[in-house]
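Here the numbering used here runs 467 ahead of the position in the sequence shown, where the first position is 1.
C-beta: ideal position from N, C-alpha, C; glycine also.
None of the values given here were measured: they were computed from a predicted structure.
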Amino acid sequence: MSETEYKISIDAEYLSGRRFAYQEDISQVEDVDLLAATPGEDINWLEDVELLEEDGVPAVFDRYSNSFLKIYFPIPEGREDEIARKVLIKHLQAGNSYGIALKERHCKFPQPELGPWVEGSRMVGTDWTPPVLEGWEPPAH
468 MSETEYKISI
478 DAEYLSGRRF
488 AYQEDISQVE
498 DVDLLAATPG
508 EDINWLEDVE
518 LLEEDGVPAV
528 FDRYSNSFLK
538 IYFPIPEGRE
548 DEIARKVLIK
558 HLQAGNSYGI
568 ALKERHCKFP
578 QPELGPWVEG
588 SRMVGTDWTP
598 PVLEGWEPPA
608 H
């Protein structure tokens with residue numbers, strides 16, 4: 468994108484600079500067990516995840532990066548939301564969400580890097596310190 472172009476929406480490919488195999492091949496997500504991947508077996512949060520459309524392409528919304536994850540393979544009729552959920556879970560478990568990538572630097576309290584979707588995920592946010600802008604001093608009160 469040149470300096471004079473403006474992008475209204477942001478998708479996961481734009482943030483990462485690439486596509487992921489599970490965006491292009493349904494076989495990459497068929498084995499995702501949504502119940503097993505759900506934190507505390509609270510499947511209710513997944514009910515809010517549904518197949519949407521971005522730039523005319525089927526997509527699922529990744530709340531952690533505030534971006535759309537486009538899906539490029541044909542989705543079987545009647546399985547639209549299921550497939551969207553599986554693609555999202557695969558994305559989160561792989562640590563490919565831009566929001567997850569930002570956790571290491573900006574997480575202010577201890578939490579699993581890959582969220583509750585991956586058992587044994589390393590902890591981040593255990594030693595957060597506010598960033599310091601070199602040469603800047605807070606105003607005297």
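Distance CB(residue i)-CB(residue j) smaller than 9 angstroms
i, j, result
"residue 566", "residue 506", "no"
"residue 553", "residue 497", "yes"
"residue 532", "residue 479", "yes"
Residue i CB to nearest heavy atom of the ligand FMN below 8 angstroms
i, result
"residue 558", "Looking for the ligand FMN in the displayed structure turns up nothing, as the structure carries no ligands at all."
Nearest neighbour of residue i, chosen from the options [CA to CA]
i, options, result
"residue 512", "561, 548 and 592", "548"
"residue 585", "516, 483, 524 and 556", "556"
"residue 530", "540, 499 and 563", "563"
"residue 528", "546, 558 and 500", "558"
Assumed close pair residue i, residue j - CB separation to whole angstroms, cut-off 8 angstroms
i, j, result
"residue 551", "residue 516", "6 angstroms"
"residue 579", "residue 588", "4 angstroms"
The segment 535-543 contacting the segment 569-579, beta-carbon criterion three pairs below 8 angstroms: Between the segment 535-543 and the segment 569-579, the count of C-beta pairs closer than 8 angstroms stays below three; the two stretches do not touch.
The segment 484-495 touching the segment 515-525, judged by at least three CB pairs closer than 8 angstroms: Judged by Cβ distances under 8 angstroms, the segment 484-495 makes no contact with the segment 515-525, as fewer than three pairs qualify.
Contiguous alpha helix (DSSP H) assignments of at least 4 residues, all confined to the segment 560-590: Runs of the alpha helix (DSSP H) inside the segment 560-590: 565-573.
Secondary structure, beta strand (DSSP E): runs of 3+ residues fully inside the segment 474-554: The qualifying runs are 519-521, 524-529 and 534-537.
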